[in-house]
Every structure is written in structure tokens, then in C-alpha cells.
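Note sheet for the following structure.
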Amino acid sequence: SNGLMAKRLRRELLNTYEQLGKSGLPFLDDIGKVDVKFGLSLQLLKSIEQRGMGFNSIGTFKAIVKLSWVDTILRWDPEPPFDFQKIEISPDEIWTPDIKLFNSVDLDMTLDRTTQAIVFSNGTVLWIPPAVLKVLCVSQDDVDSCHFQFGSWVYSVDEVDIHFMDDKAEVLLDFYQDSLEILENSAQRQEVVYPCCESAYVEMKYLLALRSENGNSTYSRDLAHHHHHH
Numbered sequence: 002s003n004g005l006m007a008k009r010l011r012r013e014l015l016n017t018y019e020q021l022g023k024s025g026l027p028f029l030d031d032i033g034k035v036d037v038k039f040g041l042s043l044q045l046l047k048s049i050e051q052r053g054m055g056f057n058s059i060g061t062f063k064a065i066v067k068l069s070w071v072d073t074i075l076r077w078d079p080e081p082p083f084d085f086q087k088i089e090i091s092p093d094e095i096w097t098p099d100i101k102l103f104n105s106v107d108l109d110m111t112l113d114r115t116t117q118a119i120v121f122s123n124g125t126v127l128w129i130p131p132a133v134l135k136v137l138c139v140s141q142d143d144v145d146s147c148h149f150q151f152g153s154w155v156y157s158v159d160e161v162d163i164h165f166m167d168d169k170a171e172v173l174l175d176f177y178q179d180s181l182e183i184l185e186n187s188a189q190r191q192e193v194v195y196p197c198c199e200s201a202y203v204e205m206k207y208l209l210a211l212r213s214e215n216g217n218s219t220y221s222r223d224l225a226h227h228h229h230h231h
């Protein structure tokens, strides 16, 4: 049956991973780099909390992080008995990009790793886990401005390159459920060189400004506003 063959195919692909381990880039040879396509899809602003007496606040967002890359270890010939165009595999069983939210208030953004990755026969992997992101924002004049900075934790551009998914340099709104008006939405890809290292590292920087909903403003935030105006 299909179910059994899919399991066999998955087993065969993962055998290589079990022999070689998941560390290191997903290649059987030493050439090439991984080009990760990255997208940030905003669902909603969960909360924005005043921090201290200034304009700083902490914004907590529910989002979907979209990641796609090619893993040459996970290729197969889609002929019988393995005539599948795609199968699902747990992200914990394969290499996944070590992309982190650099300016996270917490240790990192939280990605739902129970979400399976979809693997296509040509080795393309698509993983779109739900995520919670917590960042420092600036809240002033009923506008919440937040930025997000993503990048690979250890790999330089020679090893893991990152580009916007579908070339869209902005926060994606295809899953947006909130009623907040978006005043500014932009993003840029930058190559940054650090003093420690020769190679450049890719950073994806997003800026998102939302109109505060006064009806939803928290008690502490109202106090802060009074503090500023009087």
C-alpha cells in the first residue's frame, strides 16, 4: 500500500542521516551552499506591554515562519515503488537551518517543531512552522514600531545564504487575522561582516509599524501615556 511504501522511502532517506548525523550542511559532497528562502507571515499581535517609563514596549506576535531549501541527501527518483512527488518528515530527523531571531526578548523565537516538513523528490524541503516572536518595540503616538532581525547563528553567506521567499521584502500578510492597521512594512537583506570573521553573514531585517488600538490599550500603557502628557 501507499502508506507502507511512503514509510519505506522515508526510512531509506533517513538511514543516510542516521549514518552521517544531522550536523553539518545537507550535502553528500563538500561543494555547494544552502540557499534558504525565508518568509515571515504575521498572524496577529498577541500583546504589547509597556516597559519602564519610556516609550519601550515588548511586542509578542503569533506568526508563521516559512523556510525552504534543498537537501541533496533527501532526493529520490519518483518511480515505482517510490512514485511519490512528496512526503512529510519530522524536522527533528533532518538538517534544518539554524535561523534565529537575533533581537528576541526570550532566548529565541519559539518554533513549533511538531509541524512536519514537506520533502519533494528533487530534495526541496518546505517547512512552515507556527511561531511566537517577542521583541522590543517603540510605542509612541498610538503607533507600535517593531523590528525583527533574523539570521543563521553559525553559518556565513558562503555556507548558508538567505533570500526572501518569492522575492517579497516585507512581512507577509497571507495569514493575517488581526484588525490592526499596518502603517509601515518593509524588510531588507544585508550582508554583515563582524570583527571576528572574514566572511559576511546574512541578516534579514524587518520593520513593522502598527496603529495601536486604543480600545485594547492596557492599563499600564494608559498610565504611561498620562505620564507623558501631563
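Going by this note's numbering, the letters in the sequence shown line up with residues 2 to 231, in that order. Ideal Cβ positions, reconstructed from N, Cα and C, are used throughout, including at glycine.
- For residue 125, the enclosing beta strand (DSSP E) has its first and last residue at 125-128.
- According to DSSP, residue 150 shares a beta bridge with 206.
- Cβ neighbours of residue 181 within its own chain (closer than 7 Å, five residues either side excluded): 46, 211, 212 and 214.
- Per the coordinates, the alpha-carbon of residue 169 lies some 9 Å from the alpha-carbon of residue 187.
- Assigned with DSSP and collapsed to three states, residue 74 falls in helix.
- Setting aside the 5 residues that flank it on each side, residue 78 is surrounded in the same chain by 122, each with a C-beta closer than 8 Å to its C-beta; the list follows chain order.
- With a 10 Å radius around the Cβ and a threshold of 16 neighbouring Cβ atoms, residue 32 comes out exposed.
- Three or more Cβ pairs closer than 8 Å define a contact, and the region 118-136 meets that threshold against the region 86-94.
- Around the C-beta of residue 25, fewer than 16 other C-beta atoms lie within 10 Å, and the residue is accordingly described as exposed.
- Of the candidates 192, 36 and 12, the residue whose Cα lies closest to the Cα of residue 99 is 36.
- Boundaries of the alpha helix (DSSP H) around residue 7: 3-21.
- In this structure, residue 150 lies away from residue 80, with their beta-carbon atoms at least 8 Å apart.
- Residue burial is scored here from C-beta neighbours: residue 115 has fewer than 16 other C-beta atoms within 10 angstroms and is therefore classed as exposed.
- According to the DSSP assignment, residue 138 belongs to the beta strand (DSSP E) that extends over 131-141.
- Taking residue 166 as the centre and dropping the five residues before and after it, the same chain places the C-beta of 38, 39, 40, 67 and 69 closer than 7 Å to its C-beta, in chain order.
- The secondary-structure analysis by DSSP pairs residue 174 with nothing; it has no beta-bridge partner.
- When the beta-carbon positions are compared, residue 23 and residue 96 come within less than 8 Å of each other.
- In this structure, the CA atom of residue 197 is about 20 Å from the CA atom of residue 104.
- If you ignore the 5 residues before and after residue 158, its C-beta comes within less than 7 Å of the C-beta of 192, 200, 201, 202 and 203, all in its own chain and listed in chain order.
- Taking a 10 Å sphere around the C-beta of residue 162, we find 16 or more other C-beta atoms and assign the residue as buried.
- Cβ contact annotation for residue 106 (same chain, cutoff 8 Å, sequence separation greater than five): 59, 135, 136 and 137, in chain order.
- A check of alpha carbon separations from residue 42 across 54, 177 and 185 identifies 177 as the nearest.
- For the pair residue 83 and residue 141, the CB atoms are not nearer than the 8 Å cut-off.
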